[in-house]
Each structure stands twice: as structure tokens, then as C-alpha cells.
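Mapping to this note's numbering: the sequence shown position 7 is 1, numbers consecutive.
Glycine included, each C-beta is placed from N, C-alpha and C at the ideal position.
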Amino acid sequence: MTDSAGQARPQGTCRACGGTVMQFLELGRQPLSDRFLSQPEIHQEYFFHLAVGACERCTMVQLMHEVPREQMFHEDYPYYSSGSAAMQKHFVDTARHLLGTEAAGPDPFVVEIGCNDGVMLRTVHEAGVRHLGFEPSGKVAKAARANGVRVRGDFFEESTAREVRASDGPADVVFAANTICHIPDLDSVLQGVDALLGPDGVFVFEDPYLGDILAKTSFDQIYDEHFFLFSARSVRALAASFGFELVDVERLPVHGGEVRYTLAREGTRRPADRVAALIAEEDVGEVATLARLDRFAGDVRRVRDDLRALLERLKVEGRRVVAYGATAKSATVTNFCGIGPDLVSCVYDTTPAKQGRLTPGTHIPVRSADGFSADSADYALLFAWNHADEIMAKEQAFRQAGGAWILYVPQVHVRG
Ligand code: DWN
Ligand code: SAH
Ligand code: ZN
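Listed below in C-alpha cells is the structure:
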């Protein structure tokens, strides 16, 4: 089968259902998105082939090639969830919501997969509720423990889930944010949830939403860690093949648009009307069709060409361009668009673990965000566009001094 350009489409095997995956977008040779390098490390970078496809049978959108999990999630994993005030608030609200609903009975037990620095479980701990976070990345797990959170430093999978069931009993809620889409082995995740969850328990997870990614051409949501781009239809199919049912969906504004999916054991709850409504909306938007995904691929290439053209023009004009937010997402943008230190002088970021290092693949220096206002750059490319409100509010002096932000979502534009 050929793609829109008449090329043979590479194929793969679906990690959700075993069906055939048809490639629709090629993003080239890419580094690990969260591996910020010291100077000597630039000679031994790990690269992989980033391409994305959709399953013919269950519609699941997924990467064509997998990166071993230990390459991504290890002692020095540098993303700290509490680095954004808006995300902190989101997770305090999430914890309160769970404590007031699914975890409101006598002696509830809440498990989180990928608890990171404890941004969500901290509130559960402070409420005195039994909990456990799975977090394989060493330093972020340590930060969670320092917040009083009970953490198991392992990957969540069927075997570790069974051990927790044996030692702690059934969970009322298994929660995960921005983590299930990171795990290619969905069989092991769903079997682990099945083993751990009580008969009336729920599995709640939120991840970037395919519908929003297509609508906003936010192709930077595609990188090594984001193995799956979920939709309500693909998650409903996944749930059904493991004896679960998709009983609720909620759209969330965080990280550029996500959906929170609620799964329960089949037949235990009546699905909310908004499940069928979102799937109907996906059908109207043809979210899962190859024709729509090919159109997205064309949109992505246009954004790449526009962004490169703008940065090259600013360079010719002698403008100083920096970037803001050394996001994992930006690895795809810089490497796919060919943006290195010749076009963007440095990236400002608040994360100590990223500062003083070089961005993956393109080797742009990362500096402390404290230095941003003194830089007097003409333009700042906003890699952390999902935190635009928070960042623009605290960096108002930049625009007052004549600086302008460059954004590339949903298309390339300048906000002066
Ligand atoms: O899914 C994932 C999400 C939840 O987090 C992970 N795979 C990895 C990571 O992705 P990301 O790096 O693209 O996430 P963010 O939240 O867009 O990263 C924001 C970056 O910007 C961080 O390095 C912190 C930095 N930042 C900053 O310098 N000043 C953030 C804010 C809010 C700020 O004011
Ligand atoms: N939940 C946080 C963190 C998201 S980053 C938030 O929404 O901000 C993804 C996290 O999942 C990382 O901390 C990573 O170490 C962890 N992770 C990756 N694979 C995992 C697995 N199989 N089990 C548990 N945690 C995992
Ligand atoms: Zn499939």
C-alpha cells in the first residue's frame, strides 16, 4: 500500500492488538529526548529512527520503532513534574477529585504508575490515605520520597503489580498521568492492572490526545517516550481486549490537550454518554483514517519549512534568537527541523538537571532561566508552548523590552 506521495508504506505490528500498523509520518534519526549531554557525551549519543503509524485493525497510533525503557527512564531522568505551577495545581485538584470519589470509602488504596516527584500522590499522602507510587527513575523517585510519598522504585508491569496485590491487597484506584502512553508493553500493564485492582476499582489515566495533536499539528508530542497517541476509539478497543470497559472520558486542557480515560471491569458500570459522544466526534473528524493522518504529515512538513525559513531570515537580519523550555518535545522539533546553535543561541530552563548541558542531538546550550531577562534577546522560541500562560505571565519584562515570542503551534507565528 502506498502513501500520499506514492511511496510504499512501511508496516509494523500493533503493540495493542497485533494488527498491521501503516506508517504515515517519518521524523528521521532522533536522539533520546530527555538525555541532556555534557560536552564529552556528545560523541556517544544514542539515536533511533522516529516514525509513526496507525493500526489498520484497532486504529491505535504508535511509533514504528521502540527504544529500550532503561535508556529513557533511569537514575538521572531529568523531568520533574513539579516544575510548573499550573501542573502542580492540576495534580492537587486531581488528587482531591479521586479522594472525594473513587477513594472515598473506608481505608482506600491508591496506586500511581509513574508518580515522578510525587506531584499527585503528595496530596494523597497528606490526606493520610494508603498509597503507593511506581517510579523507576531514581532521582525523581527520591524527590517524591522526600515529600513523604511511598514509592516503589520499579517499572509497573504484571510481575511487580502482582507483588503489590499480595502485600498490600486490592487497589481502589490505579492512576497514571503521562505514563501509560510511554509503555509499549500494554499487555503487561493491563494484566498488572487486572491483578491489582479490586472488583469495583477503576483504572484512570490521562495522556496527550490524538484529536488535539492533529488539530494543532503539535507533532512535537511525538518522541521516544511517547510511544502511543491515544484516542477514545483506540482506548475503548484496548480496554475490551483485556476484560475492561471504557466508562468515562474527560478532555483536559493541560499539555496542549489531553483526555482522562476511566476503565472499569466489564459490566460493572454504565459508560457515561460522553464516551460515545467523543467517539462520534472522532468519526466525524476522521481522526483515525490514513487520509487524515497523511494530511497531518503534510501539515507537519509545512510547519518545519516555515519555522526554518523564519529562523534563517532572522539570522540573516542579525537578530538574537534564544529558546525557552528545554522540553522533551523540543528534541523532535530541533532535530526534525535542523535547528542548532547557529539558529538558536541557547535554551533557558528552570531545571537544574538540564542546565549547563547541551540539548540532545542538536547540542544547544541550556542555561538557567534566571538569566533570561538579562539576555536582551530579540526573539524567544517557546518550546514549552503548553505552559505559555504561566511563562509569559512571569516573563512580561521580555516583551516590555521589545522582545517577541516565536510559536509553532498550531502554526508558526510571532507574538510581540
Ligand atoms: O510526557 C511527559 C511530560 C509530562 O513531561 C514526559 N515524557 C516528559 C516531559 O515532557 P516535556 O519535557 O515536553 O514537558 P514540559 O512540561 O512541557 O516541560 C517544560 C520544561 O520547561 C521543563 O524543562 C521545565 C521548563 N519550564 C521553565 O523553564 N519555566 C517550565 C515552566 C512552566 C517554566 O516556567
Ligand atoms: N506523572 C508525571 C510524570 C510523567 S513523566 C506527570 O504527569 O507529570 C513519565 C514518568 O513515568 C517518568 O517519571 C518515568 O520514570 C515513569 N515511567 C516510565 N515507565 C514506567 C513504568 N513502566 N512504570 C512506572 N513508571 C514509569
Ligand atoms: Zn491494533
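- Within 7 Å of the C-beta of R51 there is at least one heavy atom belonging to ligand 3.
- Relative to ligand 3, the nearest heavy atom lies less than 7 Å away from the CB of G13.
- DSSP places R245 in the uninterrupted beta strand (DSSP E) bounded by F238 to L246.
- DSSP places I385 inside the alpha helix (DSSP H), whose first and last residues are A382 to K388.
- Here Y203 is near V253, since their CB atoms are less than 8 Å apart.
- If you ignore the 5 residues before and after P130, its C-beta comes within less than 7 Å of the C-beta of F67, G147, D148 and F149, all in its own chain and listed in chain order.
- One alpha carbon belongs to Y73, the other to V183, and they sit about 22 Å apart.
- With a cut-off of 8 Å on Cβ pairs, the region 228 to 240 is not in contact with the region 57 to 65, counting fewer than three such pairs.
- In this structure, ligand 3 has a non-hydrogen atom nearer than 7 Å to the beta-carbon of C8.
- For A258, the enclosing beta strand (DSSP E) covers residues E252 to R259.
- For D206, the enclosing alpha helix (DSSP H) covers residues L204 to K210.
- For F290, the enclosing alpha helix (DSSP H) starts and ends at L284 to V310.
- For V341, the closest alpha carbon among the candidates I36, G355, L246 and L376 is that of L376.
- Here L375 carries a strand assignment [DSSP, helix/strand/coil].
- Taken in chain order, the complete alpha helix (DSSP H) segments of 4 residues or longer contained in the region 53 to 105 are 63 to 66 and 79 to 94.
- The alpha carbon of T173 has as its nearest neighbour, out of G108, M114, V143 and D214, the alpha carbon of G108.
- With 16 or more neighbouring CB atoms inside 10 Å of its own CB, R116 falls in the buried class.
- Partner residues in the beta bridge of S362, as assigned by DSSP, are D343.
- The C-beta separation of D369 from V316 comes to about 6 Å, placing the pair in contact by the 8 Å criterion.
- Note: M(-5) is not bridge-paired with any residue in the DSSP secondary-structure output.
- When rounded, the separation of the alpha-carbon atoms in G251 and A258 is 23 Å.
- Scanning H381, Y71 and P247 for the CA closest to the CA of G319 turns up H381.
- For the pair D299 and F18, the CB atoms are not nearer than the 8 Å cut-off.
- Relative to the non-hydrogen atoms of ligand 2, the Cβ of P130 comes within a distance shorter than 7 Å of at least one.
- Assignment of F150 by DSSP, reduced to helix, strand and coil, places it in the coil class.
- Between A48 and M16, the gap from beta carbon to beta carbon is short of 8 Å.
- For D188, the enclosing alpha helix (DSSP H) starts and ends at L180 to L190.
- If you check the C-beta of R63 against ligand 2, you find a heavy atom less than 7 Å away.
- Judged by DSSP secondary structure, E276 falls within the alpha helix (DSSP H) whose first and last residues are D267 to V278.
- Secondary structure of P34 (DSSP, three-state): helix.
- With a cutoff of 8 Å on beta-carbon distance, L304 and I400 are scored as near each other.
- Between V158 and F197, the alpha-carbon positions lie close to 16 Å from each other.
- Rounded to whole angstroms, the separation of the alpha carbons of D194 and D101 is 15 Å.
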